[in-house]
Amino acid sequence: MPADLSASLLMTLAFAVALLASLATRYWLATRQVRHVARHRDAVPAAFATTVPLPAHQKAADYTLAKARLDLLEMAVGAAILLGWTLLGGLDLLNRSLIALLGPGMGQQLALLAAFALVGGLLDLPFSLYRTFVIEQRFGFNKMTLGLWLADMAKGVVLGAVIGLPIAALILWLMGAAGSTWWLWAWATWVGFNLLLLVIYPTFIAPMFNKFKPLEDPALAARVTALMQRCGFAAKGLFVMDGSRRSAHANAYFTGFGAAKRVVFYDTLLARLSPGEVDAVLAHELGHFRHRHIVKRMAGMFAISLAGFAVLGWVSNEIWFYTGLGVRPNLAGANDALALLLFLLAVPVFSFFISPLMAAMSRRHEFEADAFAVSQTDGRDLASALLKLYEDNASTLTPDPVFVRFYYSHPPAGERLARL
Ligand SMILES: [Zn+2]
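Position 9 (the sequence shown) corresponds to 8 in numbering that gives the first Met the number 0; numbering is contiguous.
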């Protein structure tokens, strides 16, 4: 059919152009970042001249450069893998092999999803190993043994299977059984699943990997409880996590909603902060809570995913969507798992171009949380705590401004401290 053939070619063309454009943009951004950081390596920026020693500044630069170089390699390999799955026929081969082995049906479709996830995970292993045991190790951040790393991976695979397979089966079933509006039902399922995850992640999943304990120091606990009550936050919501088991990086975060909401401090951060700084960081996290940032982020994500499911509902019925991305659809049976995978592979190539919008929203939330912290505690405490955080994570003080606009979920130190 000529109409289908030209639609198929158009799909291939759109995919190839978007892939090339996103790769070119990412390469350009990465080289900008590398050049900018390397150029500013030899001098601490004037604003930090008295607070950041030169060796710490240079360590942050070297760490940033090492990660950026690995990202460049990973980007090239990722593009090759993406082409391998799609236009070069990898997914088609996997799908055909599983049909020959298992026959068409729900079992084959679930096996296709599982095999895809497994192969993807294996291809990612060398990068994950190199990141932890070479880069993090070289800069003194890694605290993981290979045994712990393997145990984490095994838990991740089991969790992925226990949680992922039932939800995948439910969505595949809806795709086959719910008629032409299946995508609306699938979206609702996905929304429900994410809300559930927001509750079970902090309470059940994260504790499988780390220990979470209430604050031990009674004086600090009293301060912190007073601050939380002032901000209208449940008094039992602060936990200390043994982050030092895996890494020397320091962090604090706010997660969950309803009764499951909590603020988590890494023990690595707590060990470094004065009581006033603990207050300031906690007030920042409570600022995320007060401004309802998690709810806003979820709402945005659900709106975007509704559009995504609508597009998937449309393209999954079109032969050109499959053939244009290098896959022969099964004319006799269901193609639902195939459609899901092709969609997951193709979407990031296009959605990369809206990532600056998401990053900008996230950075705005950080400024709002900082402003809230300043209204509740001493701004100087927040400034000194943030500086320790940037130092412990070897975050560069001199990132490329355009790179920041695209990728940074948190504002760089210079911008953030200038506002305090
Ligand atoms: Zn924050």
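We treat Cβ as the ideally placed atom computed from N, Cα and C, and that holds for glycine.
Here Ala384 is near Glu276, since their CB atoms are less than 8 Å apart. Under the three-state reduction of DSSP output, Arg261 falls in the strand class. Here the distance from the Cβ of His287 to the nearest heavy atom of ligand 1 is below 7 Å.
Lys387 carries a helical assignment under DSSP once its states are collapsed to helix, strand and coil. According to the DSSP assignment, Leu311 belongs to the alpha helix (DSSP H) that extends over 292-314. In the DSSP assignment, Val239 falls within the unbroken beta strand (DSSP E) covering 237-240. Judged by DSSP in its simplified three-state form, Ser361 adopts helix. Taking one beta carbon from each stretch, the segment 245-252 and the segment 266-275 have 3 or more pairs nearer than 8 Å; the two touch. By the neighbour-count definition (other C-beta atoms within 10 Å, threshold 16), Asp278 is a buried residue. The beta-carbon distance between Trp182 and Ala309, rounded to whole angstroms, is 6 Å. This is short enough to meet the 8 Å contact definition.
Exclusion of Ala150 from the 7 Å shell around ligand 1 follows from its C-beta lying no nearer than that to any non-hydrogen atom of the ligand. A direct Cα-Cα distance of roughly 34 Å separates Ile293 from Ala13.
The DSSP-derived three-state label of Tyr407 is coil.
Bounds of the beta strand (DSSP E) holding Thr254 are 251-254.
Residue nearest to Asp335 within the set Ala110, Pro44, Pro54, Leu87 is Ala110 (criterion: CA-CA distance). If you check the CB distance, Val262 and Gly236 come in under 8 Å. Taking one beta carbon from each stretch, the segment 299-307 and the segment 402-413 have fewer than 3 pairs nearer than 8 Å; the two do not touch. Looking only at Val36, Phe366, Leu90, Pro54, the smallest Cα-Cα distance to Ala65 is reached by Val36. For Asn193, the uninterrupted alpha helix (DSSP H) run begins and ends at 181-199, by DSSP. If the five residues before and after His364 are omitted, its C-beta is found closer than 6 Å to the C-beta atoms of His292, all from its own chain and listed in chain order.
With respect to Leu386, Ala412 sits close: the two C-beta atoms are nearer than 8 Å.
The segment 74-91 and the segment 146-166 do not touch, with fewer than three beta-carbon pairs separated by less than 8 Å. Taking Gly119 as reference, the option from Phe138, Val156, Arg245 with the minimal CA-CA separation is Val156. A distance of 8 Å or more separates the beta carbons of Leu388 and Asp369. The DSSP-derived three-state label of Phe203 is helix.
Within 10 angstroms of the beta-carbon of Asp91 lie 16 or more other beta-carbons, which makes it buried. DSSP places Phe138 outside both helix and strand once states are collapsed to three, so it counts as coil. A direct Cα-Cα distance of roughly 11 Å separates Ala338 from Thr322.
Check the Cα spacing between Phe351 and each of Ala282, Tyr406, Thr397: the tightest is with Tyr406.
Within the chosen limit of 7 Å, ligand 1 does not reach the beta carbon of Glu414 with any heavy atom. Measuring C-alpha to C-alpha distances from Ala160 to each of Phe349, Asp123, Leu112 identifies Leu112 as the nearest. For Phe14, the secondary structure class from DSSP, reduced to helix, strand or coil, is helix. Annotation: the continuous alpha helix (DSSP H) that includes Asn94 extends over 89-101. At a threshold of 7 Å, Ala309 does not count as near ligand 1, since its beta carbon sits no closer than that to any of the ligand's heavy atoms.
Contact fails between the segment 188-203 and the segment 220-234, because fewer than three Cβ pairs, one in each stretch, are under 8 Å apart. By the CB criterion at 8 Å, Gln57 and Arg31 fall outside the cutoff.
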